[in-house]
Every structure is written in C-alpha cells, then in structure tokens.
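Residue numbers (the numbering used here): 45 to 181.
Worksheet for the structure shown next.
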C-alpha cells in the first residue's frame, strides 16, 4: 500500500491562495469592516508596515502544512473530504474562537463573521486542494 505524504507544491499553492482570498474578501467588506472597527480611511492609508503581511504568510504556511500533514494521518483522499475537513477545522478552531474572543472584547458579531468567515473559506479551499492534490511515496 502506498503511503500518502505532504505535497509541498499543494501547500505552496494554498499559501498563495491564503494571501489572495483574504485580500479579495477584505476588499469586498472593507467599508463595513473599517466601520465596525472604528477605523478611518486615513488611518488605514497610514498603516504601511510589512509585518502583518509577513505574519500572514508565515501563519498560512504553518496552517497549510499542518493541515496537509493531518490529512496524511486521517487520511483524506478526495476534494470533497478535504473540503469538509477543512471546513470543520475552520469553523471549530477559528470561527467559533473568533466569536468567543470578540464577545469578551465586546466587539460586534458582524465583525466576527467578517473576520472568521474568511478563515473558514480559506480552510475549506485549502482542504479541497490538499484533498484533491495528494502525493504518495
């Protein structure tokens, strides 16, 4: 029986998509997101630090690689099972935690849906790619 291993090319694609999807998501929800956070357009234009972008790349790299590794242990062997598993992980480990954290911070629920929703989407798409694009030793 062949042993499934982590497909680094699939992980790399997921990391790239993990940057593109949130950029598109926050472009769509930018006005509402800024209002819910109490930010102005001038404040947002003044934030030019590359640190959040670098942190996002590192974070999505760890997420995609870890998810790919978990998929070899479960094992996940299809696009659908990958998507469902990614969706489950996104909802349970990110979305629900975001809601609880935001509740304690007295932040609007809609903000939790914007911030947590993009993570759920990224996890589901990452799971789909990793489930469909497998590598065997």
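Glycine is no exception: its CB is placed at the ideal position from the N, C-alpha and C atoms.
Just so it is clear, the structure is predicted and the values come from calculations on it, not from any experiment.
Asked                                                                                                                           : Found
Same chain only: Cβ atoms within 7 Å of residue 168, ignoring 5 sequence neighbours per side                                    : 127, 130, 131, 134
Proximity winner among 116, 107, 58, relative to residue 47 (alpha-carbon distances)                                            : 116
Residue burial classification, residue 170 (beta-carbon count within 10 angstroms, cutoff 16)                                   : buried
Cut-off 8 Å between Cβ atoms - residues of its own chain near residue 164, not counting five sequence neighbours on either side : 131, 134, 135, 138, 139
Given 8 Å, three or more beta-carbon pairs between the segment 59-78 and the segment 104-114                                    : yes
Residue 159 classed as buried or exposed, judged by whether at least 16 other C-beta atoms fall within 10 angstroms             : buried
Alpha helix (DSSP H) segments (min. 4 residues) lying fully within the segment 81-111                                           : 85-89
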